[in-house]
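Asker: Starting off with a structure, shown below.
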Amino acid sequence: MTPADSRRTPDDDETRLIRQAQEGDRSAFARVVADYYDRLYRWLFQLTRDVHQAEDLTQETLLKAFAGLRRFRAGSNFRAWLFRIAHNCFITQRRGVRRRETLPEDLATAEEGPVEKTLQAEWQGLLDEAVARLKELHAAYRDDYRAYYERFAGPDSPPMRGADPAIVLVPGVGMFSFG
10 MTPADSRRTP DDDETRLIRQ AQEGDRSAFA RVVADYYDRL YRWLFQLTRD VHQAEDLTQE
70 TLLKAFAGLR RFRAGSNFRA WLFRIAHNCF ITQRRGVRRR ETLPEDLATA EEGPVEKTLQ
130 AEWQGLLDEA VARLKELHAA YRDDYRAYYE RFAGPDSPPM RGADPAIVLV PGVGMFSFG
């Protein structure tokens with residue numbers, strides 16, 4: 010070990026790695042960031058109180074730091090620069106959340122497109138066919154079946170596939186069975 014090596018400080022190593030990273034050495038940037046990753050994540054977690062948001066913000070911070078590394082002045086406080094980027098990412102994220110939260114609850118939905126209209130028409134046709142098959146049942150049960158189909162039956166339900174419904178009043182089995 011030379012006398013110069015014994016006088017070298019961690020800040021000197023960081024400055025050297027930052028210069029290498031500014032010249033395009035990604036592994037140098039990774040080594041610099043490795044020293045700050047846990048502290049950065051913990052700080053962002055304290056701000057967000059959400060693991061996923063803290064992870065996302067940490068990654069976004071590191072990406073922005075890497076993209077803007079050439080603008081970093083060597084010899085400046087890298088930690089302060091990195092945490093300022095993180096703070097700005099956090100503020101930007103919070104503004105976005107607030108904007109989304111202020112949308113009116115009764116915001117009108119977009120009109121149905123042609124696909125939705127076609128699917129709705131097909132579904133209505135299947136429902137009408139199932140109700141038509143019910144006409145052979147006693148009139149007292151038709152309204153119950155129609156209400157049941159409208160609420161619970163899906164395109165893959167037996168009556169929608171053409172099976173004739175039959176009423177089964179067996180306790181524990183349920184009111185509806187399809188044969």
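Count the sequence shown with my numbering and you get residues 10 to 188, in order.
Quick reminder that beta carbons are idealized off the backbone N, C-alpha and C, glycines included.
Quick caveat, the model's predicted, so the values are computed rather than measured.
On a CA-only basis, which of Gly122, Leu26 and Arg48 is nearest Phe92? Give me that one, please.
Answerer: Arg48
Asker: Check whether the Cβ atoms of Ala37 and Leu26 sit closer than 7 Å, and answer yes or no.
Answerer: yes
Asker: Spatial neighbours of Arg28 within its chain, please: CB distance less than 7 Å, with the 5 preceding and 5 following residues excluded, ordered by chain position.
Answerer: Ala83
Asker: Locate the alpha helix (DSSP H) running through Ser36, then write down its first and last residues.
Answerer: Arg35 to Ala43
Asker: How long is the line joining the alpha carbons of Arg17 and Thr24, rounded to whole angstroms?
Answerer: The predicted position of Arg17 is uncertain, since its pLDDT is 47 and thus under 50; a value taken from the coordinates is nonetheless stated next. Using only the alpha carbons, I get a separation of about 11 Å.
Asker: Helix, strand or coil: how does DSSP classify Asn97 here?
Answerer: helix
Asker: Measuring straight from C-alpha to C-alpha, what distance separates Thr101 and Gln55?
Answerer: 16 Å
Asker: Relative to the C-alpha of Leu71, which candidate in Phe81, Ile94, Ala156 and Leu136 has its C-alpha closest?
Answerer: Ile94
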